[in-house]
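S.K.: Let me give you the structure first, and then I'll get to my questions.
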């Protein structure tokens, strides 16, 4: 089994001046190189959980954290956010909240400069990060000239320049059209293939998760409702309804046909699988 790099043990958390626990008794292990999707209805605790991975909780947001969060062997209660900045990168839902310089080159360099990385190494990291996200040709442009998907890719590049081992993305495609969403997920694919990076992403978009993720963590009212491979999660109709998660459209099609007495003979979560099943159904090859 791969190395465990993030571990949560009986973790519960509530924000200051509230009595409601946003996270409740969560036990979780994340291994090196995994791509984990975090799903659940609004208010389920996805963003709060993401902020536990880089010690923003409990070191920026106060509140009350029970249990233990360990990241690369470091207890997050005993470190500053800056202690994990070179290990865990965070990409927010709105890229505008992370971009503030006038030139893309400077934007990507900012984090590494604050880490006092030597100038030659910063230049190398800028070129490397922009190459991975496909923005090398825009190095001297203004961030405001980019599309929504390109801005989100730039936000990823600013994190990559700090050379983290883990990248946490909190609803990074919620404001993007399908083309922009695809761009972001292609970057994630590139990071996994070239850099063996561990990816955690909070999202509502099941089609991309079905294709890219190793496992799906489902939260319901702050608790872990399920943690398994996408195929197992998305084919659990009861779980999907209880947690207000829309499964991939091809899964919905297969379920609808099954309800009408027309079984595809498979439980597809990917487009290719659904196409094969429909073709066999048309040829009368299904049971």
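Numbering (this note's numbering), first residue to last: 588 to 874.
C-beta atoms are modelled at their ideal positions from N, C-alpha and C, and glycine is treated no differently.
1. Give every residue of the same chain whose Cβ lies closer than 6 Å to the Cβ of residue 615, excluding the five residues on either side of it in the sequence, and list them in chain order.
2. Are the CB atoms of residue 802 and residue 631 nearer to each other than 8 Å?
3. Would you report the Cα separation of residue 764 and residue 738, rounded to the nearest angstrom?
4. Does the segment 853-864 come within contact of the segment 654-664, defined as at least 3 CB pairs closer than 8 Å?
5. I'd like to check one pair, residue 842 with residue 824: are the Cβ atoms closer than 8 Å?
6. Pair every Cβ in the segment 673-691 with every Cβ in the segment 755-771, then say whether three or more of these pairs are closer than 8 Å.
7. In whole angstroms, give me the CA-to-CA distance for residue 698 and residue 668.
8. Have a look at 776, 768, 775 and flag the residue whose alpha-carbon is nearest the alpha-carbon of residue 791.
9. Could you check how far apart the C-beta atoms of residue 805 and residue 813 are, in whole angstroms? I think they sit under 8 Å.
10. Could you tell me if residue 607 is buried or exposed, where buried requires 16 or more neighbouring beta carbons within 10 angstroms of its beta carbon?
11. If distances are taken between C-alpha atoms only, which option among 675, 755, 598, 688 comes closest to residue 728?
12. Drop a sphere of 10 angstroms on the beta-carbon of residue 734, count the other beta-carbons inside from all chains shown, and report buried for 16 or more, exposed for fewer.
13. On the CB-based measure, 16 or more other CB atoms within 10 Å of its CB, does residue 694 come out buried or exposed?
14. Compare the Cα-Cα distances from residue 633 to each of 751, 872, 756, 620 and report the closest residue.
15. What whole-angstrom Cβ distance do residue 766 and residue 744 have, given they're in contact under 8 Å?
M.R.: With the given structure in hand:
1. Correct list, in chain order: 595.
2. 8 Å or more divides the Cβ of residue 802 from the Cβ of residue 631.
3. Cα to Cα, the separation comes out at about 13 Å.
4. As far as the Cβ criterion goes, the segment 853-864 does not touch the segment 654-664, which means the pair count is below three.
5. Closer than 8 Å, so yes.
6. Contact holds between the segment 673-691 and the segment 755-771, because three or more Cβ pairs, one in each stretch, are under 8 Å apart.
7. Distance between the alpha carbons of residue 698 and residue 668: 13 Å.
8. Selected option, being the one with the closest Cα: 768.
9. About 4 Å; that satisfies the 8 Å criterion.
10. Counting the other Cβ atoms within 10 Å of the Cβ of residue 607 gives fewer than 16, which makes it exposed.
11. Closest by alpha carbon: 688.
12. Classification for residue 734: exposed.
13. Counting every other CB atom within 10 Å of its CB across the protein chains shown gives residue 694 a total of 16 or more, marking it as buried.
14. Nearest C-alpha to residue 633 among 751, 872, 756, 620: 756.
15. In this structure residue 766 does not touch residue 744 by the C-beta definition: roughly 19 Å separates them, more than the 8 Å allowed.
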